[in-house]
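**Q**
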Amino acid sequence: MIQSAIQKAKEEVLWGVQVMVERGYTLGTAGNISARVEGEDRFVITPSSRSYATLKQEDLCVVDMDGNIVEAAYKPSVETTMHRYLFLLRPEVNGIIHTHSKYATLVATLQGVTSLPIIDIESVSYLGGETPIAPFYPAGSPELAQAVRDTIGTSAGILLQNHGAIGVGTSMEKAMIVNDNIERTCEQYLWMLATGRAGKPMPEAYIAHVKELSLRSRQVTK
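In terms of the numbering used here, the sequence shown opens at residue 530 and continues consecutively.
1) Would G624 pass as a contact of R613 if the rule is Cβ separation under 7 Å?
2) Excluding the 5 residues preceding and the 5 following S533 in the sequence, name in chain order all residues of the same chain whose CB lies nearer than 6 Å to its CB.
3) On a CA-only basis, which of E659, A668 and G658 is nearest H629? Give me that one, please.
4) DSSP on I535, reduced to helix/strand/coil?
5) So, helix, strand or coil for S652, using DSSP?
6) By alpha-carbon positions, which one of G545, A601 and A538 ends up nearest to C590?
7) Can you give me the Cβ contacts of M530 inside the same chain, cut-off strictly under 7 Å, excluding the 5 residues immediately before and after it?
8) Would you list the one or two residues that DSSP bridges to A564?
9) Check M530 in the structure and name its three-state DSSP category.
10) Could you give the DSSP three-state label for D595: helix, strand or coil?
11) What does the alpha-carbon distance come out to for the pair L617 and E587?
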């Protein structure tokens with residue numbers, strides 16, 4: 530039996546949900562995950578306020594790129610517009626994972642921090658360099674969706690002030706790897722701040738070269 534594109538997208542979302550919970554990147558029903566339906570102007574997204582522990586394929590929502598609900602047993606995530614904007618902005622993106630992970634949320638809350646800096650080689654290769662922080666707006670608001678769209682640029686991820694993080698990728702697995710690297714880099718940054726010492730910079734030529742390689746590997750067009 531040939532697997533439908535929608536079923537495949539639903540399986541990818543459920544995989545992302547399972548891993549997000551296992552990693553401790555969410556509590557309760559916080560966060561949301563979506564997958565583009567291959568070959569269609571639709572995406573699958575987690576429902577609002579449903580337990581991730583018991584989530585099934587039939588609980589997931591299908592939404593088109595105009596924001597119309599195609600299939601839903603429950604109300605789609607309050608961040609559906611944010612996911613839709615990212616799919617429209619970044620055509621290479623097939624998976625989006627929005628977490629409420631603890632280190633990312635903390636870094637995005639620190640006064641005076643406007644982006645997550647480059648700490649190591651993974652910061653450049655997996656994240657594309659400095660990770661921007663979108664300004665605060667209430668969860669689910671059109672203003673937050675617009676701020677994320679305006680702030681992410683070509684980055685593999687973004688932090689949300691007082692809120693969490695988003696990782697995007699050409700696959701759900703790659704989107705999760707982005708979230709892994711965001712959380713790891715945020716933890717490293719917090720430890721570095723705690724020491725009161727500045728990090729050693731990498732050569733600018735190296736950073737520029739790896740940023741270009743990162744764009745290519747993530748299939749991002751400028």
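Even glycine gets a Cβ: it sits at the ideal position worked out from N, Cα and C.
**A** In brief:
1) In the sequence shown, the residue the question calls residue 624 occupies position 95. In the sequence shown, the residue the question calls residue 613 occupies position 84. Going by beta carbons, G624 and R613 fall outside the 7 Å limit.
2) What you label residue 533 is simply residue 4 of the sequence shown in a count that begins at 1. Here the set comprises nothing.
3) The sequence position of residue 629 within the sequence shown is 100, counting from 1. Its Cα nearest to that of H629, the residue A668 stands out among E659, A668 and G658.
4) The count along the sequence shown starts at 1 and reaches residue 535 at position 6. Looking at I535 - three-state DSSP - the assignment turns out to be helix.
5) Position 123 of the sequence shown, counted from the start, is the residue given in the question as residue 652. In the structure shown, S652 sits in a helix (DSSP, three-state: H, G or I).
6) Start at 1 with the first residue of the sequence shown, and residue 590 comes out as number 61. Considering only G545, A601 and A538, the residue with the shortest C-alpha distance to C590 is A601.
7) Taking the first residue of the sequence shown as 1, we reach residue 530 at position 1. Since pLDDT at M530 reaches only 45, below the 50 mark, its modelled position is unreliable, and the value read off the structure follows with that caveat. Excluding sequence positions up to five before and after M530, its CB lies less than 7 Å from no other CB in the same chain.
8) Numbered from 1 along the sequence shown, position 35 holds the residue referred to as residue 564. Note: A564 sits in a beta bridge opposite V573 and G624.
9) To locate residue 530, count along the sequence shown from 1; it is residue 1. Interpretation of M530 is limited by its pLDDT of 45, a score under 50 that renders its predicted location unreliable; the figure taken from the coordinates is listed afterwards. Here DSSP, grouped into helix, strand and coil, assigns M530 to coil.
10) In the sequence shown, the residue the question calls residue 595 occupies position 66. The answer is coil: DSSP assigns D595 none of H, G, I, E or B.
11) For the purposes of this step, residue 617 is taken as the residue at position 88 of the sequence shown. For the purposes of this step, residue 587 is taken as the residue at position 58 of the sequence shown. L617 and E587: Cα-Cα distance of roughly 25 Å.
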